[in-house]
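First up is the structure itself, then whatever we jot down about it.
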Amino acid sequence: MCGEKTRRVKSLIFVAKKFIIFLFFSNLLFSQIIYQVKAQTEFVDTLTVLNLSGIKAGEKLSSEKVAEAIKRLYKSGLFADIRAETLATNKGIILTFVTKDNPLLKEIKFFGNQKIKTKELLEKIKYKKGEVLSEYKIFTYQREILKLYKEKGFVSPKVIYTKSERDSQNMVILTFHIDEGKKYKIKKINIIGAKNLKENKIKKKLVNREKRWFRKGIFKEEEFKKDLERIIDYYKENGFLAARITDYQLTSQDDWLYLDIYLEEGKRFYLGNVSFRGNQLLKEEDLRKLLKLKKGDYYNAKKMNLSLQSLYDRYQEEGYLFCQIQSLEDIRDDTVDITYEIIERYPVKIRLVNIEGNERTKDKVIRREIVTLPGDFFKKSLLLRSQRNIFNLGFFEDIGADFRIVDSEQVDLVYRVKEKSTFGQFSASISYSAKEKIVGGLEISQPNFLGNGQKIYLKIEKGGTVTNLNLGFEEPYLFDIPFSFGFNLLYYSYGYDYYDKLDRNLAFNFSYPLSLDYTRLYWGLKFGSSFIPPKSIKDKKVPMELYRDTINKIYLAPNLSLVRDARDYIFNPSAGSYYLYSLDISTLKINFLRQILDVRVYFPLFWKFSLMVRTRIGYLTELKKNDTVPLYERFYLGGVGEEGIRGYPDRSISPMKDGYLIGGKAMTIFNLEYKLKLAYYLSFIAFFDCGDCFPDIGKINLSNLKKGVGIGVRVEVPILGLLGFDLGYGIDREGAKIEPHFQFGKTF
Numbered sequence: 001m002c003g004e005k006t007r008r009v010k011s012l013i014f015v016a017k018k019f020i021i022f023l024f025f026s027n028l029l030f031s032q033i034i035y036q037v038k039a040q041t042e043f044v045d046t047l048t049v050l051n052l053s054g055i056k057a058g059e060k061l062s063s064e065k066v067a068e069a070i071k072r073l074y075k076s077g078l079f080a081d082i083r084a085e086t087l088a089t090n091k092g093i094i095l096t097f098v099t100k101d102n103p104l105l106k107e108i109k110f111f112g113n114q115k116i117k118t119k120e121l122l123e124k125i126k127y128k129k130g131e132v133l134s135e136y137k138i139f140t141y142q143r144e145i146l147k148l149y150k151e152k153g154f155v156s157p158k159v160i161y162t163k164s165e166r167d168s169q170n171m172v173i174l175t176f177h178i179d180e181g182k183k184y185k186i187k188k189i190n191i192i193g194a195k196n197l198k199e200n201k202i203k204k205k206l207v208n209r210e211k212r213w214f215r216k217g218i219f220k221e222e223e224f225k226k227d228l229e230r231i232i233d234y235y236k237e238n239g240f241l242a243a244r245i246t247d248y249q250l251t252s253q254d255d256w257l258y259l260d261i262y263l264e265e266g267k268r269f270y271l272g273n274v275s276f277r278g279n280q281l282l283k284e285e286d287l288r289k290l291l292k293l294k295k296g297d298y299y300n301a302k303k304m305n306l307s308l309q310s311l312y313d314r315y316q317e318e319g320y321l322f323c324q325i326q327s328l329e330d331i332r333d334d335t336v337d338i339t340y341e342i343i344e345r346y347p348v349k350i351r352l353v354n355i356e357g358n359e360r361t362k363d364k365v366i367r368r369e370i371v372t373l374p375g376d377f378f379k380k381s382l383l384l385r386s387q388r389n390i391f392n393l394g395f396f397e398d399i400g401a402d403f404r405i406v407d408s409e410q411v412d413l414v415y416r417v418k419e420k421s422t423f424g425q426f427s428a429s430i431s432y433s434a435k436e437k438i439v440g441g442l443e444i445s446q447p448n449f450l451g452n453g454q455k456i457y458l459k460i461e462k463g464g465t466v467t468n469l470n471l472g473f474e475e476p477y478l479f480d481i482p483f484s485f486g487f488n489l490l491y492y493s494y495g496y497d498y499y500d501k502l503d504r505n506l507a508f509n510f511s512y513p514l515s516l517d518y519t520r521l522y523w524g525l526k527f528g529s530s531f532i533p534p535k536s537i538k539d540k541k542v543p544m545e546l547y548r549d550t551i552n553k554i555y556l557a558p559n560l561s562l563v564r565d566a567r568d569y570i571f572n573p574s575a576g577s578y579y580l581y582s583l584d585i586s587t588l589k590i591n592f593l594r595q596i597l598d599v600r601v602y603f604p605l606f607w608k609f610s611l612m613v614r615t616r617i618g619y620l621t622e623l624k625k626n627d628t629v630p631l632y633e634r635f636y637l638g639g640v641g642e643e644g645i646r647g648y649p650d651r652s653i654s655p656m657k658d659g660y661l662i663g664g665k666a667m668t669i670f671n672l673e674y675k676l677k678l679a680y681y682l683s684f685i686a687f688f689d690c691g692d693c694f695p696d697i698g699k700i701n702l703s704n705l706k707k708g709v710g711i712g713v714r715v716e717v718p719i720l721g722l723l724g725f726d727l728g729y730g731i732d733r734e735g736a737k738i739e740p741h742f743q744f745g746k747t748f
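Using full-length UniProt numbering, read the sequence shown as starting at 1 and increasing by one per residue.
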C-alpha cells in the first residue's frame, strides 16, 4: 500500500515537471518576435486571411494576439475551422493560420414540402446565391422554415438538411428535407372552471380561436402557451389575482383539435385604501387624479401598471427623470391596500442634445424640430413633441430617443433616426369613372434636397380630360429661421362636360409659426390668367355665364390661411386635430372672395382603432355687385381629395341650370372615417361622407345632402409614398352606385 502511494507521488512529480517545462518553453515562444505570417487556405485568398488576422511581421508574439486573430477570422464567417501553427527559426517565429473554408451556396432545394410552395419558402429564408454557407447560416434557414410552418398552423414540423460535395468553385447545393407534421383546425375550446367570467369573453382574448365561417381557426402551437398567459392576465384585470391554469388537454380527431383548459379562479380582490409617501413636489390630490382605479373597484393589474406609469410621466414632466416609485401591496381578506413609496430625487437638466443615424439629412434640419434644448429641465412632453416634429418631416422611417446619464442632475439626450430612401418620392391621384375613364397624376419630388429639408417637385397630371403641369420649390427655413418660402409655376387645362378651361399662373407662398402651439400663418400671392377657349364649348345651349369666361382674364390673388395642425402623423394620422381657415381674394379681371373652414379631429379608440370626424365649409361671393364668379372657380364636390364625397364621380355634385352643372357658391362636407392602423405604413378604413353644393349661402339646405359609404386601405410604400384605394357606394346617386377611387399621397 505504501509502495503504491510512493509510485503515485513520483508520477505526480513527473507530470508537474513536464508542465513546468511546457510553460517555460511556451512563454519563451510567445515572447519572441514574429518573422513571418503565412496562411494555408482552401479557396479563400491568403491575403484575405492575413488582413483579417491583423497580425504583422515584426510584432511580438503573444497568446492573446493569436486568440484575437482567430476570433476575427471566425467572425468573418468565411471559415469552418481555424488553427494557428508556429515554427521557431533563428530569424524569429513563423506564424501560420491553417483554415478550413466554409462553402459557397449554389442552390437550395426542398423535399417534402407538400402544403407550402418552394417559392414561398425561398422568399421566407431570403437566401443569396454565392453567399458563404456557415453552420449558423444554415441554422437561421432552418429556424425561418420552422417559423413559417408554425405560423401556418402546422404542429411539430421537422427540418433536417444535407449538403452536396463541394465543386471546383467551392460551391454546394443545400437540401432541406421537411416533415411538415399535421395541420389542425380548432373545433372546440372548453374553459373548465370559469364561473365568474363569461367563457366567450375569455376566448376573445386568445389568438387560437374556434373555426367559424369568417375565421380559419388554425391552431398555432407557438401561441398556445401565450394564450394560457392571456387567460391569467384577463383574470388579473378583473380582480382574480390568484387565478391559475391547473391543466390542459389537446385532443385530435382527424383534422380537428379540441382544447380543454382547466383553471382555478381563486378569490376576487378589490382595491382598498391608497396612500402616498415621500411626495414633496406634488400634492396628494393631484397624484390621485392620475390613478386609473378608485377605492372599491375590482383590483386590475393592468390599470395598476397604467397608474404607476402615469405617476412616472407626471414626475418626468416636472424634470424628475430619476424619480423612483414603488407600489407596496398590503392584502387583507379580499382587499388590497396600496402605498406608493416615492423617492423624488432632483430635477434633471439637459446638458447636450445629440443626433445619430442621419447620413444624408443635415443636423440643422433635425435640430430645428427639437424643442428639448441644452440647459433646460427635462420635460417628457417636449421629448415626445420633438419626436413627432422630426417624424412629420417625412424623411425618416424610425425615430428613437434615449438619454445618457452625466451625473445625478444632468443627462445628454440622443435622438436616433433611420432615414428613408434618398431617391426621392412619387405621389399621385388616380380615379376612374364612366365619364372620364382613367385620370392619373404623377408627382416626382425630392423632399429632402441635398439633405437641407428643401423640396423640389414636378407634378404631371394627364387623363382624358385633364392636363396639369406644376413645377415648384419649397424652403421650410429661409435663412435658417422658421420662415418658409415657396413658389410654383402652373399650367392647367381641364375638359369639363361641355367646355375646356385653361389656367396659367405663378404663385409665391410664405409661412411663419405663431406663439400658439402647433399654429402657423400662411400667406401668398398668385398671378396668372384663366379662360375658356371658345372652340371648346361643346354645346351652344350652355348658360350665358359660360360665354363671359371665354375672354382671357388676368388675375392677381392674394391669400391668407391660419392653420393649427396637432396631428400625431400628418401623412396618416390617428390622433390629434387639424384646423384651417383660408381667405382668397381674386382681383383685376376675375373678382371674388373665397373662404374655407376645415376642421378634423382624430379620436384614438381601443387597440389600433381610431375615428376621424371632419367638417369642411366653403363660401364664395362677388367683390362687387356686377361681378360674377366664373363657373370654373365655383365648388364642385365628388370623388376624393379636399372636396371629395366618395361614391360619386369627381366634380359631379353641383347646382344645375338647364341641365348643366354650374358649380356652387356655398358648400358643406362631413366625413367620418373609422380606421384600423396596423402599422404606420398600413391602415384599413370604413367611411361615411355626405355633403352638397348650393347656389348661394342663403339657399343652403342640409336636409338633402348627398351621402356615400364604403371601405378603403392605405399603404405607405418606400419611394412611392402613401397609396390609397377606396370603394365607395353613392347612396343618393342615380344609376351605377359603385365608384372606385385611387389616390397616392396625403389623404385626410
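Glycine included, every Cβ here is placed at the ideal spot set by N, Cα and C. Quick caveat: nothing in here was measured; it's all calculated off a predicted structure.
Taking the alpha-carbon of residue i as reference, which of the options has the nearest alpha-carbon?
i    : options                : result
D254 : K225, K220, Y184       : Y184
E144 : S164, L672, E123       : E123
K378 : Q410, L146, G357, F395 : Rather than Lys, the amino acid found at residue 378 in this sequence is Phe. Out of Q410, L146, G357, F395, Q410 has the C-alpha closest to the C-alpha of F378.
I245 : Y262, Y258, L146       : Y262
L682 : P649, R351, G724, G495 : G724
S275 : K294, E265, D260       : K294
P476 : K535, V414, K364       : K364
L197 : I231, V172, E221, G486 : I231
I178 : Y161, I189, K187       : Y161
V709 : C693, V717, Y729, L722 : Y729
K137 : A507, L469, A80        : A80
R360 : F395, N389, I331, F391 : F395
F240 : G217, E264, N704       : E264
S252 : V414, K706, Q280, V155 : V155
Y674 : S574, L705, E68, K60   : S574
N358 : D333, L382, S327, I399 : I399
I554 : G528, R600, I189, K535 : G528
To which residues does DSSP link residue i through a beta bridge?
i    : result
Q410 : K349, D407
D398 : K418
D598 : L580, R616
T89  : G92
L148 : Beta-bridge pairing links L148 to no other residue.
I370 : The partner list for I370 (beta bridge, DSSP) is empty, contrary to what the question assumes.
A39  : F97
K260 : Correcting the residue identity first, residue 260 is Asp in this sequence and not Lys. N190, Q249, per the DSSP bridge assignment.
W523 : F510, L560
T339 : S275, L328
When burial is assigned at 16 or more other CB atoms within 10 Å of the CB, is residue i buried or exposed?
i           : result
D227        : buried
V629        : buried
F14         : With a pLDDT of only 45 at F14, under the threshold of 50, the placement of this residue in the model should not be trusted, and no figure is reported.
E4          : Its pLDDT being 48, under 50, E4 is placed unreliably by the model, and nothing is read from it.
L174        : buried
Q387        : buried
I481        : exposed
I366        : buried
A16         : Note that A16 scores 46 on pLDDT, short of 50, meaning its location in the model is unreliable; the coordinates nonetheless yield the value given after this. It is exposed - the Cβ of A16 has fewer than 16 other Cβ atoms within 10 Å.
L478        : exposed
L605        : exposed
residue 802 : The structure shown does not extend to residue 802, since the chain spans only 1 to 748, so no value can be given for it.
E461        : buried
List the whole-angstrom C-beta distance separating residue i from residue j, where the pair is believed to meet the contact cut-off of C-beta under 8 Å.
i           : j    : result
Y299        : L271 : 5 Å
A39         : F97  : 5 Å
V348        : L306 : Their Cβ separation, rounded to whole angstroms, is 24 Å, which puts V348 and L306 out of contact at 8 Å.
S511        : S484 : 4 Å
S610        : K677 : 7 Å
residue 754 : V371 : Lying outside 1 to 748, the shown extent of the chain, residue 754 is not represented and no answer is given.
For residue i, verify whether its CB is less than 8 Å away from any heavy atom of the ligand GDP.
i    : result
I342 : Summarising the ligand content, the structure contains no ligands, and the ligand GDP is consequently not present.
* Count the C-beta pairs between the stretch 577–594 and the stretch 651–658 that are closer than 8 Å, then say yes if the count reaches three, no if not. => no
* Given 8 Å, three or more beta-carbon pairs between the stretch 691–700 and the stretch 665–683 -> yes
* To do: May I ask you to verify whether the stretch 128–139 touches the stretch 192–200, counting CB pairs closer than 8 Å and requiring at least 3?
  => no
* **the stretch 138–158 touching the stretch 81–101, judged by at least three CB pairs closer than 8 Å** => no
* Would the stretch 558–572 and the stretch 636–650 be scored as touching if the rule is three or more Cβ pairs under 8 Å? -> no
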